[in-house]
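Take a look at the structure below.
See the structure below:
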């Protein structure tokens with residue numbers, strides 16, 4: 080699916096400033112925090128933590144060498160005044176650590192004053208790893224690097240060989256020795272002679288396949304290589320830009336490397352901080368934000384476990400589109416226009432790298448892990464901030480969105496029976512309350528307007544529509560965000576806005592289609608059909624957008640997809656989210672018989688709290704073959720006593736990540752749910768962000784009380800409790816959807 | 152990155168670079184000045200070193216750069232600020248690693264302008280790789 084067409088992004092690109100500062104790609108949008116005046120979250124967690132056995136670089140753990148002192152290991156005292164600034168040094172160490180952990184060769188391109196070599200040596204000093212250094216500028220003799228036969232200096236007997244093979248600078252780093260880890264630094268890589276590059280690429284190929292590197296022409300000498308024990312890092316100064324003899328490398332040569340672009344000069348703010356730190360006016364290690372950290376897991380997943388990750392299939396579809404869009408932008412020089420070193424996004428290497436990243440770093444949130452991988456392998460190649468912003472927009476769309484939309488709260492929460500009028504009345508009241516809150520945020524300037532636009536998800540009040548229009552007039556919020564924030568709103572005014580977007584042509588039709596989620600009105604169905612006829616929106620997207628819509632027309636469309644075979648059953652079942660009708664349950668049962676993964680079905684039950692749905696969940700738990708995390712997540716939006724009981728059971732068994740339980744509370748505003756949130760908060764065993772976000776979909780009186788009692792009104796968590804994302808958006812639709820038709824009130 | 156400092160004299164320059172983390176660069180405009188600078192350095196206890204390994208043998212050393220500078224010299228200069236220097240002996244195919252003692256040492260490269268230009272043209276960017284620089 081093309082979520083943001085490159086041409087649409089180009090508009091933004093053209094009209095943005097393009098300062099030469101942006102290289103911390105794994106940290107999403109560092110500048111946006113300032114733009115929105117949102118408070119920066121400073122955390123106490125040490126960016127670089129060390130134990131007796133490991134060093135952890137922003138969450139990436141590397142094991143120390145066990146082999147004691149060695150002449151090739153840099154001395155720690157040399158780096159006593161190393162400044163760990165948050166813009167260059169810390170992200171660089173994190174990214175190097177990722178490359179070391181995954182055994183991938185890393186090529187770092189950046190100016191001389193950034194301290195690339197020093198950073199690598201400093202890390203080696205901490206880890207007790209050896210450095211084997213080769214500067215390729217002016218090096219003409221391959222044998223200096225790869226070794227040669229020399230007269231045997233130890234010959235004492237006639238039978239001793241006349242000549243022995245002696246290692247070169249590189250091969251000494253390739254030799255495996257017990258307890259040692261070695262780093263080979265190839266400095267000034269792009270000043271290398273072509274014959275040397277060819278030999279070095281043979282080394283990389285051998286490392287990748289875990290084979291031998293042939294050292295002598297007659298193949299009599301070979302060294303077995305192992306990427307667990309030898310890490311290769313190449314460093315280069317930007318071609319041109321005042322660096323003598325540096326010609327751009329052939330982009331085809333770069334495909335073997337994970338390429339990371341650093342700025343050509345130290346950014347002004349880093350220079351300022353480092354100077355202050357050197358003079359003792361600032362600490363030598365700068366505070367960082369939580370999003371700069373990578374969460375790592377104990378050991379790696381196996382490839383066989385990948386299909387069990389909830390949402391992976393959806394994310395993969397989006398990734399494929401992202402990759403295509405990234406390539407197109409690069410090909411047309413819409414990004415990296417000013418970068419003298421050309422590069423590619425390789426069709427074979429990039430997906431493999433992303434897969435390996437997920438295997439190594441997946442900790443339960445596929446969106447987070449996948450997006451970090453894309454920042455690492457794609458955005459890291461870009462120097463310019465505007466380019467990275469553009470990619471960030473694309474990356475944010477590569478997410479799993481278990482769209483849940485029980486649009487009429489048909490008994491999904493425990494409590495006294497209420498008639499439709501009461502429910503509508505209460506929901507209208509809540510929608511007004513949310514609108515007011517968003518207005519307050521807008522006045523205070525404490526939340527970015529993009530977040531406010533998304534925070535209005537499911538809210539179709541006149542004031543909310545006014546606010547959207549204001550954003551559009553100002554041009555202060557991307558139209559894509561507005562379109563997505565219209566999710567669950569099916570009023571005439573909302574449909575009109577969508578139509579204007581379509582006429583204007585500046586909004587991705589995918590965003591418009593996704594923003595139709597939960598809206599089952601005739602007009603909405605007509606728009607979906609139009610997209611299908613045009614072929615302008617992938618059918619998978621349309622299937623997702625049907626979440627929460629259980630009308631006969633919607634069921635007919637699903638069946639049509641199935642008959643054509645044009646949409647995977649996995650997508651259909653996820654698009655059944657929030658639909659608990661008999662027909663929908665029947666379809667799920669059929670999918671089970673057809674062999675659709677129970678994980679998808681469990682997730683697709685989100686927001687459905689009927690007895691039949693609870694029975695299905697119980698059956699899954701009894702039969703196994705499903706991740707309990709998926710069951711938990713699929714309980715989002717369901718606040719019945721039975722659902723609360725199931726959550727408690729999962730908690731008691733300890734069989735599910737508590738973060739998933741927290742997320743499963745999204746949109747549930749019952750007293751029991753508030754109690755569970757409190758308990759999870761008190762135990763301190765969950766990420767508080769999940770608790771906060773789970774409140775976004777449960778904006779009733781109890782939820783407002785909970786906020787007041789547990790969060791400070793000026794802290795990040797309080798703000799997040801109003802700002803919705805994925806699961807929480809779905810849960811909001813659960814509460815306010817009414818198939819979007821607020822006008823019925 | 153070389154920063155041409157503006158000390159009043161080479162004597163002052165030699166004092167300033169003590170304890171620095173980069174190699175200093177003294178640029179002479181002709182043979183006469185070259186000889187004069189060398190003499191001043193000797194007077195300030197800077198020992199002339201004939202090879203890279205020798206630069207670590209005395210707290211204050213200098214090395215004369217000629218137009219056909221050995222690549223090892225360049226490798227030394229770029230590594231010196233990084234906390235570790237690996238010197239590779241091509242004949243014996245053996246590496247030696249050394250840790251600079253920044254606090255108690257000073258290393259200066261002495262070069263005349265013509266040779267400096269030649270070296271720069273060869274792609275060895277001494278001006279960027281060295282630290283403080285002096286020319287009269």
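Protein chains in written order, with the numbering used here: chain Y, 80 to 824; chain S, 152 to 287.
Every residue, glycine too, gets a C-beta built ideally from N, C-alpha and C.
Considering only the alpha carbon of each residue, which of the options lies closest to residue i?
i                      : options                    : result
residue 174 of chain S : S:282, S:230, S:186        : S:282
residue 688 of chain Y : Y:235, Y:715, Y:425        : Y:715
residue 349 of chain Y : Y:206, Y:337, Y:163, Y:407 : Y:163
residue 212 of chain Y : Y:249, Y:191, Y:381        : Y:249
residue 431 of chain Y : Y:516, Y:336, Y:413, Y:523 : Y:336
residue 409 of chain Y : Y:785, Y:461, Y:254, Y:334 : Y:461
residue 478 of chain Y : Y:459, Y:458, Y:529, Y:453 : Y:453
residue 374 of chain Y : Y:675, Y:698, Y:139        : Y:139
From residue i to residue j, what distance separates their C-alpha atoms?
i                      : j                      : result
residue 641 of chain Y : residue 537 of chain Y : 29 Å
residue 740 of chain Y : residue 472 of chain Y : 29 Å
residue 195 of chain Y : residue 169 of chain Y : 12 Å
residue 445 of chain Y : residue 268 of chain S : 56 Å
residue 720 of chain Y : residue 650 of chain Y : 29 Å
residue 385 of chain Y : residue 397 of chain Y : 16 Å
residue 412 of chain Y : residue 747 of chain Y : 47 Å
residue 692 of chain Y : residue 304 of chain Y : 54 Å
residue 172 of chain S : residue 713 of chain Y : 59 Å
residue 119 of chain Y : residue 554 of chain Y : Because the pLDDT of residue 119 of chain Y is 36, which lies under 50, any placement of that residue in the model is unreliable, and the question is left without a value.
residue 463 of chain Y : residue 341 of chain Y : 10 Å
residue 223 of chain S : residue 285 of chain S : 23 Å
residue 200 of chain S : residue 217 of chain S : 13 Å
residue 208 of chain Y : residue 273 of chain Y : 29 Å
residue 604 of chain Y : residue 585 of chain Y : 22 Å
residue 529 of chain Y : residue 561 of chain Y : 8 Å
Strictly below 8 Å CB to CB, what residues from chain S border residue i?
i                      : result
residue 158 of chain Y : 234
residue 172 of chain Y : The contacting residues do not exist; residue 172 of chain Y stays about 15 Å from chain S at best.
residue 358 of chain Y : Neighbours of residue 358 of chain Y on chain S: none; closest Cβ ~15 Å, over 8 Å.
residue 151 of chain Y : 237, 246, 248
residue 227 of chain Y : 244
Using C-beta distances below 6 Å, list every residue in its chain close to residue i, excluding the 5 sequence neighbours before and after it, in chain order.
i                      : result
residue 237 of chain S : 246, 248
residue 64 of chain Y  : Residue 64 of chain Y lies beyond the range of chain Y shown here (80 to 824); nothing can be said about it.
residue 263 of chain S : 179, 185
residue 628 of chain Y : 599
residue 705 of chain Y : 677, 678, 681, 699
List the residues of chain S that residue i touches, going by C-beta distances under 9 Å, in chain order.
i                      : result
residue 212 of chain Y : 226, 230, 233, 235, 236, 237, 239, 246, 248
residue 515 of chain Y : Those do not exist, as residue 515 of chain Y stays about 56 Å from chain S at its closest Cβ, beyond 9 Å.
residue 291 of chain Y : None at all; the shortest Cβ gap to chain S is about 20 Å.
With a 10 Å radius around its C-beta and 16 neighbouring C-beta atoms as the bar for buried, classify residue i as buried or exposed.
i                      : result
residue 276 of chain S : buried
residue 378 of chain Y : exposed
residue 427 of chain Y : exposed
residue 679 of chain Y : buried
residue 308 of chain Y : buried
residue 160 of chain S : exposed
residue 197 of chain Y : buried
residue 224 of chain Y : buried
residue 246 of chain Y : buried
residue 141 of chain Y : buried
residue 242 of chain S : exposed
residue 791 of chain Y : exposed
Going along chain Y, which residues have a C-beta under 7 Å from residue i?
i                      : result
residue 279 of chain S : 191
Using a Cβ-Cβ distance under 8 Å, would residue i count as near chain C?
i                      : result
residue 254 of chain Y : Absent from the structure is chain C; the protein chains it does hold are Y and S.
For residue i, which residues from the same chain have a beta carbon less than 8 Å from its beta carbon, with the 5 sequence-adjacent residues on both sides left out?
i                      : result
residue 162 of chain S : 191, 195
residue 257 of chain Y : 146
residue 300 of chain Y : 226, 244, 293, 294
Just to make sure I have the definition right: I need the residues of chain Y whose C-beta is within less than 9 Å of the C-beta of residue i. Which are they?
i                      : result
residue 254 of chain S : Near residue 254 of chain S there are no residues of chain Y at all, since even the closest Cβ is about 10 Å away, more than 9 Å.
residue 190 of chain S : What residue 190 of chain S touches in chain Y: nothing, since even the nearest Cβ is about 31 Å away.
I want to verify the contact list: residues of chain S whose CB lies under 7 Å from the CB of residue i, in sequence order.
i                      : result
residue 251 of chain Y : 246
residue 363 of chain Y : Result: empty, since nearest Cβ-Cβ is about 15 Å, beyond 7 Å.
residue 246 of chain Y : 244
Check the Cβ of residue i against every Cβ in chain Y and list those closer than 8 Å, keeping chain order.
i                      : result
residue 264 of chain S : What residue 264 of chain S touches in chain Y: nothing, since even the nearest Cβ is about 17 Å away.
Within a Cβ cutoff of 7 Å, which residues of the same chain sit near residue i, ignoring the five residues on either side of it in sequence?
i                      : result
residue 602 of chain Y : 574
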